[in-house]
Structures are given as structure tokens and as C-alpha cells.
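**Q**
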Amino acid sequence: MHRRRSLAIALSTVALVAGSVVVGGAPADAAGTTYQLYLTGRAIDGYRQGTIVRASGARGDTLKVGSKYRYRGSSAAPKGKVTLQRKVGSGTWKTIKKAKQSSRYFYSAKLPAYTVPASVAVRTVKYRFRSARSVARGVLNTDYSATFTVKYENPAHYTGFQRTVYDYIAPYCPTVAVHLDRGIAADGAAGEFQWQRGISIDDTTVGAYSPAWQQGVALHECAHYHQFSAFGMSATGWKAMEKHSPSVFVNDVDPATNAPDFPVAPDWEPLEHAADCASHAVQPAGYLGYGGYCNPTELAVGLALLTRNAKY
Ligand SMILES: [Zn+2]
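Our numbering numbers the first residue of the sequence shown as 1 and each following residue consecutively.
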């Protein structure tokens, strides 16, 4: 019995935050250039997102957040003083780092690691950008972006099968949250990876698997996290990944039997085969959800995907 494992990136959320709009464009005055700078939007790695979920841990994540800006002033982009601020739980906003002007109309920052205190099961952490008024820089106003919310779950508080699944992935995906979702089996899948929420597993089906198969499903989903992460966790990265993955992950046959090890599923694709082979490299007694055969190169690259965040 082979259950498919699906990859559910919420494609409805891929509205990309591209460049911004210069509202004013008035010429600089003779006395020097002054601006009003507004932080208009927010994006998490190119996706418009309000809330994401991560497992807490010192290793941190590759989360990158950004905010568009627009300004009134000269036609040249202002050099604002923009910082990232954080608010933990019901605490106060604190500035934690400088933001990077990553393009002409965009500021971004990588989120630092955050570890939930041992006694706490989940903590909400909010982030926002602050653009400071600065006479020296000619910026006349202070402004804030919309807030980003990250829910950090403490995996030490996971229990039951949720904990079992987390323990399978912890060596490879420690910051990926795990949730049980009994709606997944209805879609013919055993597990699901969503960039925003992490891994969902249907315990009504996977719970009955052998430990090796359970680990196989969990690692397959964990591999999806690495795929997405290595390509920058962005909508454009996703497209690049789809182009790149077939350079290694192919639909080939086992030379020993001259046939695929498992029947290839109709929706077989290189990205899924990559996740299958990554999983198989660590747990060869698992199963390939999409079928086919993992050749030695695919297994080696699959392992690199899990252990070194290789780009495949
Ligand atoms: Zn998958």
C-alpha cells in the first residue's frame, strides 16, 4: 500500500510584493533633499503573510521579512534609517537590528532565532519595521510597517503522535512545526508541507504505519522545507526550483530489475521525487510515496538536501 504524500504550498498566497510606487517625485529643493518615507506593506519572503508558525529553537530559521516603502520627496530614493522591531508576547516593542535596503523600494531583514522559555508551550512574537525621522538624512517623519506574526511552538510540549513525528524530523528540520490534521487522508495523502505552517500529518493513517514508514513520511515533508528554504522561500525561488530539480531527479528505472521499484504515481514530479529520495537516503526502509527508483546520485543529493540545505 502506498499513500501519496502531497505538497501543499498555498498558491493562493503567491501575490508577490514587487517594487513600490513613488508617490511624489517632486524635485529636490535648493536647500537640500527632504522626504517623507512610508512603510507601506509587509511580506515574508515575497509572500504576503500575516502569520506563520515555527518550532522554537536556538538554531533559528531562514525567515526573511520585508516591507515596501514609498516616499514623497526628490526623485532619488531616500536613505532612510529603517530598523526591525520585535514584540514578544504582551511585552513592548524593541529595536533588534537594522534593516537592509534590499532593493530600491524594499527593506528586508532576517529574523533572529527565537527560543520559547521551557515552561511555555507557544509564544506569539510580532515584528515590524520602523523608519525613523532623521534630520541628517532628510527624512521628516517616523513610520511603521504592518506587523508580521510568528507563532513559535515549543516542541518540548508536543505530546503523542505529534511528538513522535517531530522527533523524526528534529535532527534535520528542528524549526519546522508539526501538526496533526485528520483532513489530509481524505485527499489521499499522508502528510503535507506548508511553508507557513510546517508539516501536517494525518495520524489516522500514518499512525498505523511502521516506524520506518512514519519516519519516511516525516522526512519527505521535512525535505520539502529544505527545498523551499534553499531557494529563498519565495515565489520566484519556487519557480527556479521547479526548473532546477529535474537536472538530478529523473524518472528512471532500477538497473538491477530494469523496472521502477514502485509503480510511478500519475502525479510524479521531480520535486516530489527529490523529497522521496532525500527521505530514502536517511530511512531506506521507508517507501517512495510517488514511486520510482532513487539512483545513487539522487540519494546523495537527497541527503545533502536534508543535511546541507542543498539547492534541489
Ligand atoms: Zn511531497
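The C-beta atom is built at its ideal place from N, Cα and C for all residues, glycine as well.
Computed from a predicted structure; not experimentally measured.
1) Apply the 10 Å Cβ neighbour rule to residue 52 and answer buried if 16 or more other Cβ atoms are within range, or exposed otherwise.
2) What would DSSP say about residue 40, mapped onto helix, strand or coil?
3) Can you list, in chain order, the stretches of the beta strand (DSSP E) that have 3 or more residues and sit fully within the stretch 191-237?
4) Compute every distance between the C-beta of residue 298 and the non-hydrogen atoms of ligand 1, then say whether any falls below 7 Å.
5) Less than 8 Å between the beta carbons of residue 274 and residue 245, yes or no?
6) If you follow the beta strand (DSSP E) that residue 96 is in, where does it begin and where does it stop?
7) Mind reading off the beta-carbon distance from residue 180 to residue 162? Whole number of angstroms is fine, and I expect it under 8 Å.
8) How would you call residue 31, buried or exposed, if buried means at least 16 neighbouring beta carbons within 10 angstroms?
9) Exposed or buried, which one is residue 68 when buried takes at least 16 other CB atoms within 10 Å?
10) Quick one: is the Cβ of residue 269 within less than 7 Å of any heavy atom of ligand 1?
11) Which one of 33, 83 and 91 has the shortest CA to CA distance from residue 72?
12) If you run the structure through DSSP and keep just helix, strand and coil, what is residue 307?
13) Between which residues of its own chain and residue 158 is the CB-CB distance below 8 Å, once the five residues before and five after are set aside?
14) Where do the N-terminal and C-terminal ends of the alpha helix (DSSP H) with residue 279 fall, by residue?
15) Can you find at least 3 beta carbon pairs, one from the stretch 211-222 and one from the stretch 254-270, that sit closer than 8 Å?
16) Can you tell which of 288, 184 and 176 has the C-alpha that lies nearest to the C-alpha of residue 268?
17) Would you check if there are 3 or more beta carbon pairs closer than 8 Å linking the stretch 94-103 to the stretch 117-124?
18) Just to check, is the beta-carbon of residue 272 closer than 7 Å to a non-hydrogen atom of ligand 1?
19) Which residues does DSSP pair with residue 148 in a beta bridge?
20) On the DSSP letters alone, give me the boundaries of the alpha helix (DSSP H) that residue 182 sits inside.
21) Spatial neighbours of residue 202 within its chain, please: CB distance less than 8 Å, with the 5 preceding and 5 following residues excluded, ordered by chain position.
22) Use the C-beta contact count for residue 124: other C-beta atoms within 10 angstroms, 16 or more gives buried, fewer gives exposed.
23) For residue 70 and residue 237, what's the separation of their Cα atoms in angstroms?
24) Go to residue 163, then tell me how far its alpha helix (DSSP H) extends in each direction, as first and last residue.
25) With a threshold of 7 Å, establish whether the CB of residue 224 neighbours any heavy atom of ligand 1.
26) Within this structure, are the beta carbons of residue 304 and residue 175 separated by less than 8 Å?
27) Within a Cβ cutoff of 6 Å, which residues of the same chain sit near residue 22, ignoring the five residues on either side of it in sequence?
28) Please say whether residue 172 and residue 297 have beta carbons closer to each other than 8 Å?
29) With distances taken from CA atoms, which of 152, 85 and 112 is nearest residue 131?
**A** Straight from the coordinates:
1) buried
2) coil
3) 198-201
4) no
5) yes
6) 94-98
7) 5 Å
8) Note on residue 31: pLDDT 45, under 50, position unreliable in the model; the coordinate value appears next. Counting Cβ neighbours within 10 Å, residue 31 comes out exposed, since fewer than 16 surround it.
9) buried
10) no
11) 33
12) helix
13) 166 and 178
14) 270-282
15) no
16) 288
17) no
18) yes
19) 127
20) Unbroken run through residue 182: none, as it is neither H nor E.
21) 180, 181, 182, 183, 184, 185, 189, 190 and 191
22) exposed
23) 25 Å
24) 160-169
25) yes
26) no
27) In this prediction, residue 22 scores a pLDDT of 38, lower than 50, which makes its location untrustworthy; the coordinate-derived value is nonetheless stated afterwards. So the list is empty, once near-sequence residues are dropped.
28) no
29) 85
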